Each structure stands twice: as structure tokens, then as C-alpha cells.
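Residue numbers (my numbering): 3 to 134.
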């Protein structure tokens, strides 16, 4: 079980250059692709390299195969940035869980966009209470 418990520093936060976007896709119109593309554009405009799972595959892909592909891509990121509604997404919760277990910082999109690219290390990261 995942319990969202507010904002707090979490994970190694220096040298964040490449972020992985995590958010709800399944069951949403167009796989929520427009929200992912808009977030990626905004993050790239701030100088970050973005790994955007919505740019790979399609909403019709098998969930399990998509998650295996996406978790492999997540491994190449320095941090995870969550889109609104991630807490209600089984896949996004899994991605955040993996990131937390690997001591990767996890930021909300709002917190990340508020921070200048050189100050991302000072942005608040999400703290989770993870229970299996």
C-alpha cells in the first residue's frame, strides 16, 4: 500500500539532469498522452532531459509489457517526476516504489516546474510511506 505523506527531501538529489515522467495512463483518453507531452515540453524548456513513456508504444500495449519497458527506461533517469493523479495509477505507483527503493528522488511536476533547473536539488521531493 502506498500512502502519500506530504513533501520532504528524499533520495540523492545532486546532479539531476535526466528525469522520468510517471503518471496515469490506463483508462484515460489517448492514454493521457497530451498531459505527458505538455509536461515533457515544460521540463525540457527548463533544461532537463526527459524520459517520457508516452513517446514509446501506444495506449493499447499490454500493461505488463509496457511496465517492463518503462521500468527499464526509469533506470536511466536521475529522478522521477510525477504527473497529477499518479497516486491512483497502479503503474505510476509501481514506478515511484521502484524509484524510492533505489533511493532516487521523486518530485511532483508542480514542485519541479517551480524550481529553476539549477535549483532542482532544492525542490521538495515526495515522501512516501511504503507498505507491501
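Note that beta-carbon positions come from the ideal geometry of N, C-alpha and C, so glycine has one too.
All values derive from a computational prediction rather than experimental measurement.
Would you mind working out which of the options sits nearest residue i, comparing C-alpha positions?
i          : options              : result
residue 19 : 100, 79 and 44       : 79
residue 27 : 17, 21 and 39        : 39
residue 58 : 49, 47 and 73        : 73
residue 35 : 116, 62, 104 and 107 : 62
Between which two residues does the beta strand (DSSP E) containing residue i stretch?
i          : result
residue 22 : 20-24
Any heavy atom of the ligand COA within a distance shorter than 7 Å of the CB on residue i?
i          : result
residue 89 : What this structure holds is no ligand at all, so the ligand COA is not there to describe.
Please confirm whether residue i has its beta-carbon closer than 8 Å to some beta-carbon of chain C.
i          : result
residue 53 : The structure shown contains no chain C; it holds only a single protein chain.
Less than 8 Å between the C-beta atoms of residue i and residue j, yes or no?
i          : j          : result
residue 83 : residue 21 : yes
residue 69 : residue 96 : yes
residue 55 : residue 77 : no
residue 44 : residue 23 : no
residue 88 : residue 33 : no
Identify the continuous alpha helix (DSSP H) that holds residue i and give its terminal residues.
i           : result
residue 112 : 111-116
residue 44  : 35-47
residue 1   : One cannot answer for residue 1 here, as it falls past the ends of the chain, which runs 3 to 134.
residue 67  : 65-76
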